[in-house]
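Q: Counting in our numbering, the sequence shown tops out at residue 309, every number present.
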Amino acid sequence: MAFLILSYPKRVEAFRKIFACNLPDLPFVSDADEVDPAQVRYLMTWDFPSDLATRYPNVELIFSTGAGIDQVINAELPPKARLVRMVESGVTAMVRDYVVMAVLALHRDLPAFLEQQRKKIWKARDFVWADQRRVGILGLGQLGSTVAEALRSFGFQISGWSRTPKDIAGINCHHGADGLNAMLTETDILVCLLPLTDATRGILNADLFGRLPRGAALVQAGRGGHMDQQALLDALNRGQLSGAFVDVTNPEPLPAESPLWSHPRVILTPHVAGHSRAETAAEATVENIRRHRAGQPVTGLVDPARGY
Ligand code: NAP
Ligand code: GLV
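Written as structure tokens, this is what we have:
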């Protein structure tokens with residue numbers, strides 16, 4: 002029985018140290034050629050080897066190094082294997098900070114001030130107090146609920162949308178199709194922190210942008226496949242949207258000819274909103290392996306039927 006990690010050297014070394022202290026009886030391997038594949042019971046990776054299902058027949062848990070799982074959700078798995086997404090404090094804090102930065106930038110009209118700066122225009126703009134600004138968050142999971150809590154401390158009016166009903170103090174929680182419509186009509190800054198599934202692919206489209214109040218803004222930190230880029234550009238050019246902070250695109254990297262690169266109302270980052278932190282990810286993985294060995298539920302277990 003072994004733990005195989007397929008990752009870059011710095012992450013592997015952090016995992017090796019933490020596994021040596023906490024799971025000394027579990028053989029730790031980082032070179033796939035140095036282990037009998039039949040011995041691999043736990044596998045950590047981002048991309049799956051194409052022969053995963055036949056090569057590692059006895060794998061029971063496959064851990065993603067990331068919070069998202071869409072890159073592997075449709076892969077053929079070994080018979081007993083279950084997928085586990087990354088739930089750990091590092092990626093949660095990093096995404097929280099990114100979204101807070103983006104919401105504050107849009108709240109304070111940063112895209113417009115950057116445009117004025119390029120044109121050497123010294124001019125104040127209308128200001129909205131935080132308690133009059135409505136932020137709507139698509140996805141109230143590990144990341145969305147943490148972001149909601151952080152933004153609430155600035156005084157924003159916070160709503161959120163999930164698949165199943167939620168009750169979170171201080172957050173106006175919506176779910177389902179009717180809930181989405183209700184939230185959109187009362188949202189000035191929309192944040193996307195959804196997983197990419199068959200139900201959420203393309204959700205950020207012309208119809209959705211049209212249901213937001215005129216002049217609303219977007220923070221897109223989910224997955225590129227959530228958004229119709231042409232619909233975003235059209236909404237920005239018509240003034241339906243006033244600005245967008247975009248971290249994820251389809252495809253990635255964003256092709257050089259995409260108008261998103263130079264749109265004056267778009268701030269673009271190269272899929273950096275968050276990634277897991279090696280040390281805390283290793284601790285979370287150790288805890289999950291302990292739980293699995295004890296027959297307890299593991300954190301972040303993916304339900305293949307719902308796709309996340
Ligand atoms: P999570 O804990 O699984 O939460 C997902 C949330 O989305 C849940 O609240 C879920 O509703 C909701 N949801 C899923 N499908 C839905 C649907 N059809 N309708 C309405 N709500 C739906 O995931 P997480 O850890 O917060 O991560 C969310 C996503 O963030 C990842 O999958 C990834 O796409 C993205 N991400 C991006 C970056 C980046 O660098 N840009 C970094 C990390 C993660 P329920 O609560 O009802 O299940
Ligand atoms: C990054 O995008 C992740 O899913 O962790």
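Just so you know, even glycine gets a beta-carbon here, dropped at the ideal spot from N, CA and C.
1. Roughly how many angstroms separate the alpha carbons of Ala-236 and Leu-185, rounded to a whole number?
2. Rank Val-129, Ile-169, Trp-130 and Gln-133 by C-alpha distance to the C-alpha of Val-148 and give the top, closest one.
3. Just to check, is the beta-carbon of Asp-248 closer than 8 Å to a non-hydrogen atom of the ligand PLP?
4. In angstroms with no decimal places, state the Cα-to-Cα distance between Ala-218 and Gly-67.
5. Is Gly-91 closer than 9 Å to Ala-222 when the C-beta atoms are compared?
6. Of all the alpha helix (DSSP H) runs that stay within the bounds of the stretch 4 to 31, which reach a length of 4 or more residues?
7. Rounding to the nearest angstrom, what Cα-Cα distance links Val-220 and Pro-28 in this structure?
8. DSSP three-state label for Arg-212, please.
9. State the beta-bridge partners of Ile-159 as determined by DSSP.
10. Is Leu-242 helix, strand or coil when you go by DSSP?
11. Does the structure place the stretch 185 to 205 close enough to the stretch 126 to 137 that three or more beta carbon pairs sit under 8 Å?
12. The beta strand (DSSP E) that contains Val-192, what's its start and end?
13. Could you tell me the alpha carbon to alpha carbon distance between Val-273 and Pro-38, rounded to whole angstroms?
14. Starting from Gln-143, trace the beta strand (DSSP E) both ways and give me its first and last residue.
15. Quick check on Phe-128: does DSSP put it in helix, strand or coil?
16. What's the call for Gln-133, buried or exposed, on a 16-neighbour Cβ count within 10 Å?
17. Would you check if the distance between the CB atom of Ala-151 and the CB atom of Arg-97 is smaller than 9 Å?
18. Can you tell which of Asp-199, Thr-250 and Ala-183 has its C-alpha closest to the C-alpha of Thr-270?
19. For Ala-218, which residues does DSSP report across the bridge?
20. For the ligand NAP, which residues have a Cβ under 6 Å from at least one heavy atom, in chain order?
21. Taking Cβ to Cβ, would you say Thr-167 is nearer than 9 Å to Ser-146?
22. Going by DSSP in three states, Phe-49 sits in which element: helix, strand or coil?
23. Confirm the yes/no value for this check: CB of Ser-277, any heavy atom of the ligand GLV, distance under 8 Å.
24. Express the C-alpha separation of Asp-34 and Arg-164 in angstroms, rounding to a whole number.
25. Assuming Val-267 is part of the beta strand (DSSP E), what are its boundary residues?
26. Buried or exposed, going by whether 16 or more other CB atoms sit within 10 Å of the CB of Phe-128?
A: The short version:
1. As a working mapping, residue 236 is identified with position 235 in the sequence shown. As a working mapping, residue 185 is identified with position 184 in the sequence shown. Each residue's alpha carbon lies about 15 Å from the other.
2. On the sequence shown, residue 148 is found 147 positions in, with the first residue counted as 1. The shortest Cα separation from Val-148 among Val-129, Ile-169, Trp-130 and Gln-133 belongs to Ile-169.
3. Among the ligands in the structure shown, the ligand PLP does not appear; only the ligand NAP and the ligand GLV can be found there.
4. Taking the sequence shown and counting its residues from 1, one reaches residue 218 at position 217. Taking the sequence shown and counting its residues from 1, one reaches residue 67 at position 66. Whole-angstrom Cα-Cα distance: 27 Å.
5. As a first step, residue 222 must be located in the sequence shown, where it is residue number 221. As a first step, residue 91 must be located in the sequence shown, where it is residue number 90. No, the Cβ-Cβ distance between Ala-222 and Gly-91 is not below 9 Å.
6. 10 to 23
7. Counting from 1 along the sequence shown, the entry for residue 220 is found at position 219. Counting from 1 along the sequence shown, the entry for residue 28 is found at position 27. C-alpha separation (whole angstroms): 43 Å.
8. Translated into positions along the sequence shown, residue 212 becomes position 211. Helix at Arg-212.
9. Numbered from its first residue, the sequence shown carries residue 159 at position 158. DSSP, once it has assigned bridges, lists Val-136 as partnering Ile-159.
10. Translated into the one-based positions of the sequence shown, residue 242 becomes position 241. Three-state result, Leu-242: strand.
11. yes
12. For the purposes of this step, residue 192 is taken as residue 191 along the sequence shown, with counting starting at 1. It spans 190 to 193 - the beta strand (DSSP E) in which Val-192 sits, taken as one unbroken run.
13. Along the sequence shown, read from residue 1 onward, the residue named residue 273 stands at position 272. Along the sequence shown, read from residue 1 onward, the residue named residue 38 stands at position 37. When rounded, the distance between both Cα atoms is 33 Å.
14. Your numbering for residue 143 matches position 142 in the sequence shown. Segment 143 to 153 is the alpha helix (DSSP H) holding Gln-143; no beta strand (DSSP E) there.
15. The residue given as residue 128 occupies position 127 in the sequence shown. Three-state DSSP puts Phe-128 in coil, outside helix and strand.
16. Counting from 1 along the sequence shown, the entry for residue 133 is found at position 132. Gln-133 is exposed by the Cβ-count criterion.
17. Mapped onto the sequence shown, residue 151 falls at position 150. Mapped onto the sequence shown, residue 97 falls at position 96. In this structure, Arg-97 lies closer than 9 Å to Ala-151 by Cβ.
18. Indexing the sequence shown from 1 puts residue 270 at position 269. Selected option, being the one with the closest Cα: Thr-250.
19. Mapped onto the sequence shown, residue 218 falls at position 217. According to DSSP, which records beta bridges pairwise, Ala-218 is partnered with Ile-190 and Gly-244.
20. Ala-68, Gly-69, Val-92, Val-96, Gly-140, Leu-141, Gly-142, Gln-143, Leu-144, Gly-145, Trp-162, Ser-163, Arg-164, Thr-165, Leu-194, Leu-195, Pro-196, Leu-197, Thr-198, Ala-200, Thr-201, Ala-222, Gly-223, Arg-224, Asp-248, Val-249, His-272, Ala-274, Gly-275 and Tyr-309
21. What you label residue 167 is simply residue 166 of the sequence shown in a count that begins at 1. What you label residue 146 is simply residue 145 of the sequence shown in a count that begins at 1. As written in the sequence, residue 167 is Lys, which differs from the Thr given in the question. Closer than 9 Å, so yes.
22. What you label residue 49 is simply residue 48 of the sequence shown in a count that begins at 1. In this structure, Phe-49 counts as coil in the three-state DSSP scheme.
23. Start at 1 with the first residue of the sequence shown, and residue 277 comes out as number 276. Correct: Ser-277 has its Cβ closer than 8 Å to the ligand GLV.
24. Taking the first residue of the sequence shown as 1, we reach residue 164 at position 163. Taking the first residue of the sequence shown as 1, we reach residue 34 at position 33. The alpha-carbon atoms of Arg-164 and Asp-34 are separated by roughly 42 Å.
25. Along the sequence shown, one-based indexing puts residue 267 at 266. Run containing Val-267: 267 to 269, per the beta strand (DSSP E) assignment.
26. Sequence index remark: in the sequence shown, residue 128 carries index 127 (1-based). Exposed, by the Cβ-count rule.
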